[in-house]
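As you go down the protein sequences, you meet chains Z and S in turn.
In terms of the working numbering, the first sequence is residues 334 to 481.
In terms of the working numbering, the second sequence is residues 17 to 350.
Glycine included, C-beta positions come from ideal geometry on N, C-alpha and C.
Keep in mind it's a predicted model, so treat the numbers as computed, not measured.
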Amino acid sequence: MKKEDVPQQGGLNAGCREVNYAVDAEGRYLLEQSVGWEAKNIALSQAWEAIVEQLTAVISEIKAGKQSPLAYHMIKVQMDSGLLAQYSGIARWRVKRHLKPAVFAKLDSRVLTIYAEFFGISVEDLCRLPDNPDLALAAFDQFKVENK
Amino acid sequence: MKIDFPHRQFAHCESGVTANLLNYHGFACSEALAFGIGSGLFFAYVPFIKLNFLPLTTFRSAPGSIFKKATKRLGIEVKRKKFRSPLVAEQELDRLLDAGCPVGAQTGVFWLPYFPPAYRFHFNGHNLVVIGKQGEEYLISDPIFEEPVRCAVSDLRKARFAKGALAPKGTIYYIERMPQQFNLPQAVEAGIRDVCRVMLKTPVPLAGVRGIRLLSRQLVNWPAKLGEKKTIQQLGHVIRMQEEIGTGGGGFRFIYAAFLQEAAAILENDKLVDLSQRCTEVGDLWRDFALIASRVCKGRAAVQDSFDDLAELLRQCAVAEEQLFKDLQTAIAR
Chain Z
334 MKKEDVPQQG GLNAGCREVN YAVDAEGRYL LEQSVGWEAK NIALSQAWEA
384 IVEQLTAVIS EIKAGKQSPL AYHMIKVQMD SGLLAQYSGI ARWRVKRHLK
434 PAVFAKLDSR VLTIYAEFFG ISVEDLCRLP DNPDLALAAF DQFKVENK
Chain S
17 MKIDFPHRQF AHCESGVTAN LLNYHGFACS EALAFGIGSG LFFAYVPFIK
67 LNFLPLTTFR SAPGSIFKKA TKRLGIEVKR KKFRSPLVAE QELDRLLDAG
117 CPVGAQTGVF WLPYFPPAYR FHFNGHNLVV IGKQGEEYLI SDPIFEEPVR
167 CAVSDLRKAR FAKGALAPKG TIYYIERMPQ QFNLPQAVEA GIRDVCRVML
217 KTPVPLAGVR GIRLLSRQLV NWPAKLGEKK TIQQLGHVIR MQEEIGTGGG
267 GFRFIYAAFL QEAAAILEND KLVDLSQRCT EVGDLWRDFA LIASRVCKGR
317 AAVQDSFDDL AELLRQCAVA EEQLFKDLQT AIAR
């Protein structure tokens with residue numbers, strides 16, 4: 334890649350610049366900053382769209398009474414029951430049971446608090462379900478790294 | 017308390033951490049040199065290991081190996097520690113920082129608040145250097161960022177004890193003692209030999225040049241076998257592994273080309289200058305692949321034609337890399 338070919342196509346990287354390797358006119362390597370590349374932006378937003386799609390699907394499943402609200406919050410943090418079990422310290426078979434609406438409805442506040450604390454939300458929010466996925470891709474680019 | 021640590025921004029986390037730590041300890045080392053001596057270049061396509069439900073494709077060696085191999089080949093004494101308890105892990109980190117020692121750490125990207133949100137996936141092989149602590153914040157030199165960053169103690173704790181694949185288990189590492197002198201040419205040669213070996217002589221058809229050929233063969237069948245949606249996802253995944261933050265472009269091939277350029281001077285071997293150029297050309301081929309693949313993804317046109325083209329490009333990559341590493345082997349043979 335030549336220095337002048339280093340792409341500068343911003344995307345979801347919130348103003349962060351990364352380093353690319355490129356050659357100058359004499360063929361010497363140097364490090365050149367890049368704000369992003371179209372090909373990467375497409376691949377990255379596609380990965381997030383897939384997550385949003387999963388969330389939309391799970392919302393309708395929850396509304397149809399096939400899954401509990403826990404499923405929504407789990408997918409939002411890109412986890413499956415195995416990973417959530419490891420993080421929350423609740424056995425996997427129990428996490429799987431808690432994904433069933435009937436079991437989830439009867440959970441006592443102690444267990445609910447464990448999940449809520451892990452997701453960083455309140456117990457009410459854990460039991461509530463948004464109408465649309467509350468994961469805004471558009472907001473990603475608004476985020477700026479402030480703590481430099 | 018803050019260690020006076022010269023932060024330099026680099027393309028890849030682990031080679032960047034290695035280069036910055038070596039630099040701090042008095043060996044002015046570029047990222048490319050650390051990457052080359054640590055033989056970071058690789059390829060593997062492992063369809064039966066899934067990452068986020070997608071087949072594993074990697075352009076680099078296993079996490080941790082660049083630092084380990086680079087320091088070993090230079091004869092540097094390092095210490096690596098894992099922990100069971102987050103509390104003990106934190107105390108040990110603080111003790112080292114108090115003693116004025118910058119500490120490398122393996123972390124999970126998902127938990128690092130200073131990352132742009134779009135990059136926060138569950139990837140547990142991210143490396144950074146902790147260079148200080150002020151109140152309830154750690155000061156961190158993360159080589160893929162322009163400037164040093166800050167991270168709350170509680171967030172770094174979560175990141176160091178991320179769960180799932182490649183769980184870091186609080187892993188930290190640091191340089192204990194530098195040798196009196198290095199045999200730099202020998203270390204460079206060892207790094208090159210190792211990369212040639214893994215790219216050319218793998219016992220399994222999943223790794224090295226054979227892995228690229230396998231991906232090329234399988235990719236043609238994706239549209240018929242998987243359907244449009246899954247195909248697009250898998251293709252996008254390959255692009256991300258190849259180009260996302262940390263590869264320097266072209267699936268690390270450009271970093272490696274930069275290394276070969278430096279190696280030419282260190283070994284006083286002009287053949288490596290040409291080989292560096294050829295490595296750049298291979299990187300350009302990979303870039304073409306990513307660009308066409310991304311257009312397939314965007315157009316949602318999972319047409320068989322474009323997949324034949326993509327497979328052909330991969331075959332070209334495989335042919336070019338096979339010849340490149342064979343010639344590289346000959347070039348440094350004595």
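Cross-chain neighbours of residue i in chain S, by beta carbon under 7 angstroms
{"i": "Gly343(Z)", "result": "The contacting residues do not exist; Gly343(Z) stays about 11 angstroms from chain S at best."}
{"i": "Val356(Z)", "result": "Thr296"}
Where residue i meets chain Z, residues with beta-carbon distance less than 7 angstroms
{"i": "Leu12(S)", "result": "With chain S running from 17 to 350 in the structure shown, residue 12(S) is simply not present."}
{"i": "Gly252(S)", "result": "Ala376, Gln379 and Ala380"}
{"i": "Gln249(S)", "result": "Ala383"}
{"i": "Gly180(S)", "result": "Leu416 and Gln419"}
{"i": "Ala240(S)", "result": "In chain order: nothing, as chain Z lies at least about 21 angstroms away."}
{"i": "Glu259(S)", "result": "Trp370, Ala372 and Lys373"}
Beta-carbon neighbours of residue i, restricted to chain Z and to distances below 8 angstroms
{"i": "Gln277(S)", "result": "Arg361 and Tyr362"}
{"i": "Phe26(S)", "result": "Val352 and Leu364"}
{"i": "Gln293(S)", "result": "Gly360"}
{"i": "Arg256(S)", "result": "Lys373, Ala376, Leu377 and Ala380"}
{"i": "Phe75(S)", "result": "The premise fails here: Phe75(S) is roughly 14 angstroms from chain Z at the closest Cβ pair, so nothing lies under 8 angstroms."}
Residue i and residue j closer than 8 angstroms at C-beta
{"i": "Phe75(S)", "j": "Phe59(S)", "result": "yes"}
{"i": "Thr440(Z)", "j": "Ile408(Z)", "result": "Reading off the sequence shown, one finds Leu at residue 440(Z), where the question assumed Thr. Taking 8 angstroms as the Cβ cut-off, Leu440(Z) and Ile408(Z) do not qualify as a contacting pair."}
{"i": "Ala105(S)", "j": "Gly32(S)", "result": "no"}
{"i": "Gly91(S)", "j": "Phe198(S)", "result": "yes"}
{"i": "Glu365(Z)", "j": "Val385(Z)", "result": "no"}
{"i": "Tyr190(S)", "j": "Gly120(S)", "result": "yes"}
{"i": "Pro195(S)", "j": "Asn36(S)", "result": "no"}
{"i": "Asn346(Z)", "j": "Met334(Z)", "result": "no"}
{"i": "Tyr362(Z)", "j": "Ala281(S)", "result": "no"}
{"i": "Ile147(S)", "j": "Pro184(S)", "result": "no"}
{"i": "Arg269(S)", "j": "Trp302(S)", "result": "yes"}
{"i": "Gln419(Z)", "j": "His138(S)", "result": "no"}
{"i": "Leu276(S)", "j": "Ile348(S)", "result": "no"}
{"i": "Lys373(Z)", "j": "Glu259(S)", "result": "yes"}
{"i": "Met215(S)", "j": "Glu337(S)", "result": "yes"}
{"i": "Ile228(S)", "j": "Lys97(S)", "result": "no"}
{"i": "Gly180(S)", "j": "Asn140(S)", "result": "yes"}
{"i": "Ser310(S)", "j": "Glu371(Z)", "result": "yes"}
{"i": "Ile392(Z)", "j": "Leu445(Z)", "result": "no"}
{"i": "Leu329(S)", "j": "Arg294(S)", "result": "no"}
{"i": "Val254(S)", "j": "Thr34(S)", "result": "no"}
{"i": "Gly54(S)", "j": "Ala27(S)", "result": "no"}
{"i": "Arg89(S)", "j": "Ala175(S)", "result": "no"}
{"i": "Ala48(S)", "j": "Ile271(S)", "result": "yes"}
{"i": "Arg425(Z)", "j": "Gly415(Z)", "result": "yes"}
Expected contact under 8 angstroms - CB spacing of residue i and residue j to nearest Å
{"i": "Gln379(Z)", "j": "Gly252(S)", "result": "5 angstroms"}
{"i": "Cys45(S)", "j": "Leu144(S)", "result": "Not quite, the Cβ-Cβ distance comes to about 17 angstroms (not below 8 angstroms), so this is no contact."}
{"i": "Leu222(S)", "j": "Leu230(S)", "result": "6 angstroms"}
{"i": "Val368(Z)", "j": "Gly343(Z)", "result": "5 angstroms"}
{"i": "Cys351(S)", "j": "Ala376(Z)", "result": "Not covered by the structure: residue 351(S). The range shown for chain S is 17 to 350."}
{"i": "Arg327(S)", "j": "Leu200(S)", "result": "The residue you asked about is not Arg; residue 327(S) is Ala in the sequence shown. So it is not a contact: roughly 41 angstroms between Cβ atoms."}
{"i": "Glu152(S)", "j": "Val165(S)", "result": "With a Cβ gap of about 15 angstroms, Glu152(S) and Val165(S) do not count as contacting."}
{"i": "Pro102(S)", "j": "Phe177(S)", "result": "5 angstroms"}
{"i": "Gly299(S)", "j": "Gly262(S)", "result": "Their Cβ separation, rounded to whole angstroms, is 15 angstroms, which puts Gly299(S) and Gly262(S) out of contact at 8 angstroms."}
{"i": "Leu57(S)", "j": "Val211(S)", "result": "5 angstroms"}
{"i": "Glu163(S)", "j": "His23(S)", "result": "7 angstroms"}
{"i": "Gln249(S)", "j": "Leu38(S)", "result": "Not really, about 39 angstroms apart at Cβ, beyond 8 angstroms."}
Proximal chain S residues relative to residue i, where beta-carbon distance stays under 8 angstroms
{"i": "Met334(Z)", "result": "Gly265, Gly266, Phe270, Thr296, Gly299, Asp300 and Arg303"}
{"i": "Gln411(Z)", "result": "Asn68, Phe126, Phe137 and His138"}
{"i": "Asp347(Z)", "result": "Going by the sequence as given, residue 347(Z) is Ala instead of Asp. Here the neighbours are Pro132, Pro133 and Ala134."}
Proximal chain Z residues relative to residue i, where beta-carbon distance stays under 9 angstroms
{"i": "Ala334(S)", "result": "The contacting residues do not exist; Ala334(S) stays about 20 angstroms from chain Z at best."}
{"i": "Ala273(S)", "result": "Tyr354, Val356 and Tyr362"}
Point to revise | Runs of beta strand (DSSP E) lying entirely within the segment 147-175 of chain S, each at least 3 residues, in chain order | key: As far as the segment 147-175 of chain S is concerned, its whole beta strand (DSSP E) runs of at least 3 residues are 153-157 and 165-168.
Exercise for review: Identify each residue in the segment 419-432 of chain Z for which the Cβ-Cβ distance to at least one residue of chain S is less than 9 angstroms, and report them in chain order.
Suggested key: Gln419 and Tyr420
Check your understanding: For the segment 114-148 of chain S, which residues have a CB atom closer than 9 angstroms to at least one CB atom of chain Z, in sequence order?
Key -> Phe126, Pro129, Tyr130, Phe131, Pro132, Pro133, Ala134, Tyr135, Arg136, Phe137 and His138
Review point. Which parts of the segment 224-249 of chain S are runs of the alpha helix (DSSP H), unbroken and 4 residues or longer, counting only runs that do not cross its ends?
Key: 224-242
Review point. Which residues, taken in chain order from the segment 310-326 of chain S, show a beta carbon closer than 7 angstroms to some beta carbon of chain Z?
Key: Ser310, Cys313 and Lys314
Exercise for review: At 4 residues or longer, and completely inside the segment 359-409 of chain Z: list those alpha helix (DSSP H) runs for me, N to C.
Suggested key: 371-396 and 402-409
Practice item. Go through the segment 42-86 of chain S residue by residue and report every complete run of the beta strand (DSSP E) that reaches 3 residues or more, in order. Key: Correct list: 57-67 and 70-76.
Exercise for review: With a floor of 4 residues, list each alpha helix (DSSP H) that falls wholly inside the segment 249-328 of chain S, ordered by position along the chain.
Suggested key: Along the segment 249-328 of chain S, the alpha helix (DSSP H) occurs as fully enclosed runs of 4 or more residues at 269-283 and 287-315, listed in sequence order.
Practice item. Go through the segment 86-126 of chain S residue by residue and report every complete run of the beta strand (DSSP E) that reaches 3 residues or more, in order. Key: 93-97 and 119-123
Check your understanding: Which residues, in chain order, does the segment 151-166 of chain S contribute to contact with chain Z at a C-beta distance below 8 angstroms?
Key -> Ile160, Phe161, Glu162, Glu163, Pro164, Val165 and Arg166
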